[in-house]
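Peer 1:
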Amino acid sequence: MALLDDVNSELATINDDLPAAMVAQAAAMFQFGGGLRQTSSKQVVLFAQFDSLEAAKWLHNAIVNQFQHQAQEVAKRQPLHEQNGAKQPKFDAVIKSVRRKTPQGQIIQRYNVVVDHGAMGLAVWLGLYNPRIHRVVRGLPPEIVNGKIPQIKAAWRGAFMAHGRISDIGTAGYLEVICPTHEAALALQGAAHRLGISAKTRQVRSSERVTLRDPDAIERLLNLIGAPQSAREWTGKRTDGEPRGKTNRLANFDDANMRRSAKAAAEATEKVRNAFEILGDDIPPKLRAAGQLRLDHRDASLEELGRLADPPISKDAIAGRIRRLLQKAEKVQNARQQGL
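Oh and the sequence shown: position 135 is 137 in this note's numbering, straight run, nothing missing.
Structure representation (structure tokens):
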């Protein structure tokens, strides 16, 4: 999916000046890309896998260049009695290229970011592990969920870079993130709501997903998480693709629609003409003017009739006047029949 590559490449160029936002993005990238793992040798590692090399490089750079410095500064600011002689934290991360073959025989390239030395410390630092209760966080850390809007945007950015999907040209529009747990899906859905975007959780086979299908919501989310160029590209593809997608449907129903419209216009014209004959001169000026417009422009839509009125009125107003004209004629006709 070329557009997905474009989105990931654009997002990978963002380096947020807010440290908390960088932490939120990295936490989401690990949570949705892999998480804490235990190797065959019982070693705990922090792991994330990406389709995009740029995404892997962003996370690697954040660990070795940003978080290392931040963690050391935090450690330095701790009172001596709280340090207990502990060494300043050190995180080591590597990028590993992995190739695998699909059941269809296609070779897929993946990029793993692996933290072995200091993995548990980094997981605690990112909020992915709660040391007080000795438990892995299954959703997004509370510091992110309840954080500021830049953190929410960064978390969505990280989740999408880790396991996001977006439709390309010629397909039904959607944007979704495959989630590792139900808790992660609910957290990401809540984060979308904080951005004013409606997202739905759904289960596809054995995976939880957060999905957007509204075109405007997808465009807005791409802009919010930092991919305005891709948002314009996707919108352009959607705009170009929609007429092509509708061509066959329009061709199939065009003749039928025209026949129905012509029939409805003929019936409406005949009803108005009959109302004029029944009412004679006893017609309020506004109702007469609306009926005359219907007679003079039998193929025009209600909206067009409203624009032709003097002064112009809405299509609801012109429809209401024609309806009252027909109702008045019906009452007069019924009264005459009862009088007979």
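Glycine included, every Cβ here is placed at the ideal spot set by N, Cα and C.
(1) Assuming V212 and A187 form a contact by the criterion Cβ under 8 Å, report the distance between their Cβ atoms to the nearest whole angstrom.
(2) Between the alpha carbons of S209 and F69, how many angstroms are there, rounded?
(3) Classify V274 as helix, strand or coil using the three-state DSSP reduction.
(4) Would you say A57 and L130 are within 7 Å of each other, going by their C-beta atoms?
(5) How close, in whole Å, do the beta carbons of A331 and L281 come, if the pair is a contact with beta carbons under 8 Å?
(6) Report yes if the CB atom of A355 is closer than 7 Å to the CB atom of L295, and no otherwise.
(7) Check K92 in the structure and name its three-state DSSP category.
(8) From which residue to which residue does the alpha helix (DSSP H) around V147 run?
(9) Measure the Cβ-Cβ separation of G2 and A194 and say whether it is below 7 Å.
(10) Cα separation between R265 and L223?
(11) Where do the ends of the beta strand (DSSP E) carrying R204 lie?
(12) DSSP on R338, reduced to helix/strand/coil?
(13) Only counting runs of 4 or more residues, tell me where the alpha helix (DSSP H) segments fall wholly within the stretch 147-181, in order along the chain.
(14) Does the beta-carbon distance from F49 to H165 come in below 7 Å?
(15) I'd like the list of long-range same chain contacts for G120, defined as Cβ closer than 8 Å, with 5 residues on each side in sequence excluded.
(16) Taking the alpha helix (DSSP H) that G225 belongs to, which residues open and close that run?
(17) Going by other Cβ atoms of all chains shown within 10 Å of its Cβ, with 16 needed for buried, is S316 buried or exposed?
(18) Give every residue of the same chain whose Cβ lies closer than 6 Å to the Cβ of A229, excluding the five residues on either side of it in the sequence, and list them in chain order.
(19) Sorted by chain position, which residues of the same chain lie with C-beta nearer than 8 Å to Q191's C-beta, five sequence neighbours on each side aside?
(20) Could you check how far apart the C-beta atoms of W236 and I180 are, in whole angstroms? I think they sit under 8 Å.
(21) Taking I199 as the reference, give the member of Q335, R207, W158 and F32 with the closest Cα.
(22) By the three-class DSSP mapping on this structure, what secondary structure does S209 have?
(23) Relative to the C-alpha of A64, which residue among V116, E269, T41 and Q40 is closest?
(24) Restricting to Cα atoms, I'd like to know which of R102, V100 and A125 is closest to H136.
(25) Three-state secondary structure (DSSP) at R251?
(26) Assign K155 to buried or exposed, taking buried as 16 or more other Cβ atoms, counted over all protein chains shown, within 10 Å of its Cβ.
(27) Taking the alpha carbon of R112 as the reference point, which residue from Q106, R323 and D53 has its own alpha carbon closest?
(28) Apply the 10 Å Cβ neighbour rule to R323 and answer buried if 16 or more other Cβ atoms are within range, or exposed otherwise.
(29) Look at the Cβ atom of L177, then the Cβ atom of L197, and state whether they are nearer than 7 Å.
(30) Would you call S42 buried or exposed, if buried means 16 or more other Cβ atoms sit within 10 Å of its Cβ?
(31) Apart from the five residues just before and just after Q27, which ones in its own chain have a Cβ nearer than 6 Å to its Cβ?
Peer 2: In short, the structure shows the following:
(1) 5 Å
(2) 31 Å
(3) helix
(4) no
(5) 5 Å
(6) The requested residue 355 does not occur in the structure, where the chain is confined to residues 3 to 342.
(7) coil
(8) P144 to V147
(9) This structure cannot speak to residue 2, because the chain is shown only from 3 to 342.
(10) According to the sequence shown, residue 265 is Lys rather than Arg. One C-alpha to the other measures close to 45 Å.
(11) K202 to V206
(12) helix
(13) 151-165
(14) no
(15) P91, K92, F93 and D94
(16) Residue 225 is actually Asn in this sequence, not Gly. Run containing N225: P217 to I227, per the alpha helix (DSSP H) assignment.
(17) exposed
(18) V9, E12 and L13
(19) A201, K202, T203 and V212
(20) Not a contact, Cβ separation roughly 19 Å.
(21) W158
(22) strand
(23) V116
(24) A125
(25) For R251, the pLDDT reaches just 44, beneath the cut-off of 50, and the residue's location in the model is therefore unreliable, although a value from the coordinates is still provided. Here R251 sits in helix by DSSP.
(26) buried
(27) D53
(28) buried
(29) no
(30) exposed
(31) A156, R159 and G160
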